[in-house]
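Working notes, beginning with the structure itself.
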Amino acid sequence: GENVEQHPSTLSVQEGDSAVIKCTYSDSASNYFPWYKQELGKRPQLIIDIRSNVGEKKDQRIAVTLNKTAKHFSLHITETQPEDSAVYFCAASSYGGYSTLTFGKGTMLLVSP
Amino acid sequence: GAVVSQHPSRVICKSGTSVKIECRSLDFQATTMFWYRQFPKQSLMLMATSNEGSKATYEQGVEKDKFLINHASLTLSTLTVTSAHPEDSSFYICSATSRETEAFFGQGTRLTVV
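If you read the sequences in order, they're chains G and L.
Going by my numbering, the first sequence opens with residue 1, and the numbers climb by one from there.
Going by my numbering, the second sequence opens with residue 1, and the numbers climb by one from there.
Now the structure itself:
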């Protein structure tokens, strides 16, 4: 089955800096890669996703890049703000939303003012 | 985005009793629902996948007789933790999806077994 590795497990940055979280996956059949943000005690919220026919996607301060050959994808957050502090999970699946998502272990991002 | 409602949000039960958690998709028909367990500071661990009208598929290591899953309609799935023990205390989250949507998560249920 799919295996998703996520690094780093914790990331501390100063407000205004950029943050990068990286994930690798094992199943070459995976073609859908969402990123979720989870605040303490709350549900994960989809913040951005990318499909395998696209190499990069951007939405305001967040962007995701995908390298299918190397089987890794990354989340980039620019101009970080304290409210970006949360746990971020990457995930991969083979058939988009209607298939099983395999999650990475999460990255706790702390943005200091 | 679509709305997935999970109830209750918190429950405390005595050891040995059973607890039922509901997961509803409010504005779309969920052909598939997933149940996850999340321990503190850890990732979401898939417990089982349920398709409407069929038996749930459990992940390795998850006891199907202990965690009963029912997906009787396209908008409702339930997870029943039977004979709960303190080690079952955790955050349980469902997600729902269809062929046209990404996965949407319920708000989670904090289960405490005392």
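Don't be surprised by glycine CBs; every beta carbon is placed ideally from N, CA and C.
Tell me which residue opens and which closes the beta strand (DSSP E) that Glu-15/G is part of. Element bounds for Glu-15/G: n/a, residue is neither H nor E.
Can you pull the chain G neighbours of Ser-77/L, defined as C-beta to C-beta under 8 Å? Within 8 Å Cβ-Cβ: nothing; Ser-77/L doesn't reach chain G, min ~14 Å.
If we define contact as Cβ-Cβ less than 8 Å, is Asp-49/G a contact residue for chain L? Under the 8 Å criterion on CB atoms, Asp-49/G is classed as interfacial with respect to chain L.
- Near Ala-30/L, which residues of its chain fall below 7 Å by C-beta distance, leaving aside the five closest residues on each side in sequence? Hits under 7 Å: Leu-74, Thr-75, Ala-96, Thr-97, Ser-98.
Pair within 8 Å by beta-carbon distance, Pro-86/L and Val-62/L: Not closer than 8 Å, so no.
Legend entry - Within chain L, the residues that Arg-43/G reaches when beta carbons sit closer than 7 Å: The answer, in chain order, is Ile-93, Phe-105, Gly-106, Gln-107, Gly-108.
When you compare each of Leu-109/G, Ser-85/G, Glu-79/G to Gly-16/G by their alpha carbons, which one comes out closest? Gly-16/G has its Cα closest to that of Glu-79/G, out of Leu-109/G, Ser-85/G, Glu-79/G.
Quiz item: If Lys-136/G sits next to Ile-48/G, beta carbons under 8 Å apart, how far is it from one beta carbon to the other, in whole angstroms?
Solution: In the structure as shown, chain G starts at 1 and stops at 113, and residue 136/G therefore has no counterpart that could be examined.
**OP:** Check each residue of the stretch 100-113 of chain G: if its Cβ is closer than 7 Å to any Cβ of chain L, include it; give the result in chain order.
**Re:** For the stretch 100-113 of chain G, which is checked against every Cβ of chain L, the residues closer than 7 Å are Thr-100, Leu-101, Phe-103, Gly-104, Lys-105, Gly-106.
Could you tell me the boundaries of the beta strand (DSSP E) in which Asp-59/G lies?
Its beta strand (DSSP E) spans residues 56-59.
| request: Mind checking the stretch 44-63 of chain L against chain G and listing, in chain order, the residues whose C-beta falls within less than 7 Å of any C-beta there? | output: Listed in sequence order: Leu-44, Leu-46, Thr-49.
**Message:** I want to verify the contact list: residues of chain L whose CB lies under 9 Å from the CB of Phe-89/G, in sequence order.
**Reply:** Contact annotation for Phe-89/G against chain L: Ser-43, Leu-44 [CB-CB distance below 9 Å, chain order].
Problem set entry | Of the residues Ala-63/G, Ile-62/G, Pro-34/G, the one placed nearest Arg-51/G, counting alpha carbons only | Distances from the CA of Arg-51/G to each of Ala-63/G, Ile-62/G, Pro-34/G were compared; the closest alpha carbon is that of Pro-34/G.
* To do: Measure the alpha-carbon distance for Glu-52/L versus Val-4/L and round it to whole angstroms.
  => C-alpha separation (whole angstroms): 16 Å.
Inter-stretch contact (C-beta, 8 Å, three-pair minimum) for the stretch 10-23 of chain L and the stretch 36-44 of chain L: Counting Cβ pairs under 8 Å, fewer than three are found: no touch.
Decide if Val-81/L is buried, meaning its Cβ has at least 16 other Cβ atoms within 10 Å, or exposed. Counting of Cβ neighbours within 10 angstroms places Val-81/L among the buried residues, the total reaching 16 or more.
* Give the straight-line distance between the Cα atoms of Tyr-22/L and Asp-88/L, rounded to the nearest whole angstrom. => Tyr is not the amino acid found at residue 22/L; the sequence shown has Glu there. In this structure, the straight-line span from the alpha carbon of Glu-22/L to that of Asp-88/L is close to 17 Å.
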